[in-house]
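Quick note on our numbering: the sequence shown kicks off at 940 and runs consecutively.
Think of the CB as a built atom: it goes at the ideal place given N, C-alpha and C, for glycine as much as any other residue.
What you are looking at is a predicted structure, and each value in this text was computed from that prediction instead of being measured.
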Amino acid sequence: MELFEESKNRYFSLITEILNLSVSGLEENKIIQIINDGEYEEKVIGKNQQSFEGLILNQYDNTDNFNLLEKKEDKYYSVGGKVPIRFTKVEKIWIREMLKDSNCRELLGEELAIKLDKELNINEEIDISSIIERTNLEDKYESKFPIENFNILLEAIRDDKEIIYDNKDYKNERAVPLKIEYDIRSDVLRTSMYYIDEERLVLVNLSSMSNIKVTNDKKCKLEKDEIYKQLRENKRCKEPIVFQVKDKRQAMERCFMTFSSFERTSKIIKDNVYEITLYYYTFQEEEIIRKILSLGSYITVLEPTNIKEKIIKRVKKAIEREVK
């Protein structure tokens, strides 16, 4: 196992997090929770069927254990003190290139961006924009306040608060925001959230959100760690989405490019007609519906019924808006 190969192994980050949190002492159950949240599903990593948890908590022979923590009474403490955050050269180059983007600088704030400019002193030059393919296939409905949306969501995530917001299809939707992510290929910001009333995870474009308010009262019955646990247990949808594609105006090519990141199978039904079976995670449902709609009338969803109904509902609403 290449424990300290930073670009290949998440265990390096786990050890860094545990060591930094244990400087002032960390209970065993807290360490186990961090490991469960961050490690691979495959628990056995060492020789003789040893687990990462056992190695970090010194449960094996002294020659096998990591020996990075020592136990004093009921807490574990870092042997070497706090570990500085380390970035690989590739990460530094990536951050520096991202700082050339005006949207990125606006999100970070100019003060922090200038500080990073000074610290990222790297001789190598790589124009990241020349090696990243961007495909703006997303619905580019623009919010008037995308930066404000980002800051409000960041505040809610940091303070562990719920939000209420509007978008094109819903009003006063209540959710628990979990993470914000940037899709560099489509050039959009998204947030993963837990819909409280529907009890499911979704992925939403920040640009489609409006009237976001952080709430002080709590309606969700689940804590964040319980939401993540539910995601791990029910992450795969039980029924894949099955749809037919009429290969006109490069529809098949566009379809494969649109769903290139998803597990899928395809078969020929007849000349220029194909059937695609798409497997996905529960929180990706909204994203997939948007992508299917972006491909237009050359796509016919066959199953499951609930996805067909949601697409029909979206189309009807779009027609109503056009009529108005």
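For this session: Give me the Cα-Cα distance between F1089 and L1128, rounded to the nearest whole angstrom.
Result: 8 Å
Exercise. Does the beta-carbon of M1196 have 16 or more other beta-carbons within 10 angstroms, so that it is buried, or is it exposed?
Worked result: exposed
Problem set entry | Neighbourhood of G977 by C-beta, 6 Å cutoff - its chain only, sequence neighbours within 5 removed | L953
For this session: Return the chain-ordered list of same chain residues with a C-beta closer than 6 Å to the C-beta of N1211, the five sequence neighbours on each side being excluded.
Result: D1186
Exercise. So, K973 versus E956, is the Cβ gap smaller than 8 Å?
Worked result: Note that residue 973 is Ile in the sequence shown, not Lys. Cβ distance < 8 Å, so I973 and E956 count as in contact.
For this session: Confirm, please, whether the CB-CB distance from Q1189 to T1239 is below 8 Å.
Result: no
For this session: Keeping to the same chain, check which residues put their C-beta closer than 8 Å to that of K1158; ignore five residues upstream and five downstream.
Result: E1101, R1113, I1135
Exercise. Straight-line CA distance for Q1223 to S961?
Worked result: 35 Å
Exercise. Buried or exposed: which applies to I1251, given that a residue is buried once 16 or more other Cβ atoms fall within 10 Å of its Cβ?
Worked result: exposed
Exercise. Three or more C-beta pairs closer than 8 Å, one from the region 1202 to 1216 and one from the region 1148 to 1166: is that the case here?
Worked result: no
Exercise. Going by C-alpha distance, which of N959, K1014, N1004 is nearest R1025?
Worked result: N959
Exercise. What's the call for I1180, buried or exposed, on a 16-neighbour Cβ count within 10 Å?
Worked result: buried
For this session: Keeping to the same chain, check which residues put their C-beta closer than 8 Å to that of C1176; ignore five residues upstream and five downstream.
Result: Y1218, Y1219, Y1220, T1221, E1224
Exercise. Do you know offhand how far N1111's Cα is from I1166's?
Worked result: 21 Å
Exercise. When we look at the beta-carbon of S1017 and count the other beta-carbons within 10 Å, is it buried (16 or more) or exposed?
Worked result: buried
Problem set entry | DSSP beta-bridge partners of M1148 | In the DSSP output, where bridge partners are listed per residue, M1148 has none listed.
For this session: Taking all protein chains shown into account, decide if E1226 is buried (16 or more other Cβ within 10 angstroms of its Cβ) or exposed.
Result: buried
For this session: Look at the alpha carbon of R1044 and the alpha carbon of A1052, and state the distance between them as a whole number of angstroms.
Result: 6 Å
Exercise. In three-state DSSP terms, what is F1182?
Worked result: strand
Problem set entry | Bridge partners - I1208, DSSP secondary structure assignment | Its beta-bridge partners do not exist; DSSP assigns none.
Problem set entry | Close beta carbons around S946, own chain, < 8 Å, minus the five adjacent residues each side | Interpretation of S946 is limited by its pLDDT of 41, a score under 50 that renders its predicted location unreliable; no figure is taken from the coordinates.
Exercise. So what does DSSP say about T1197, is it helix, strand or coil?
Worked result: helix
Problem set entry | Assigned exposure category for R1171 - 16 Cβ within 10 Å defines buried | exposed
Problem set entry | Other residues of its chain near F1005: CB distance less than 6 Å, five sequence neighbours each side excluded | L994, I995
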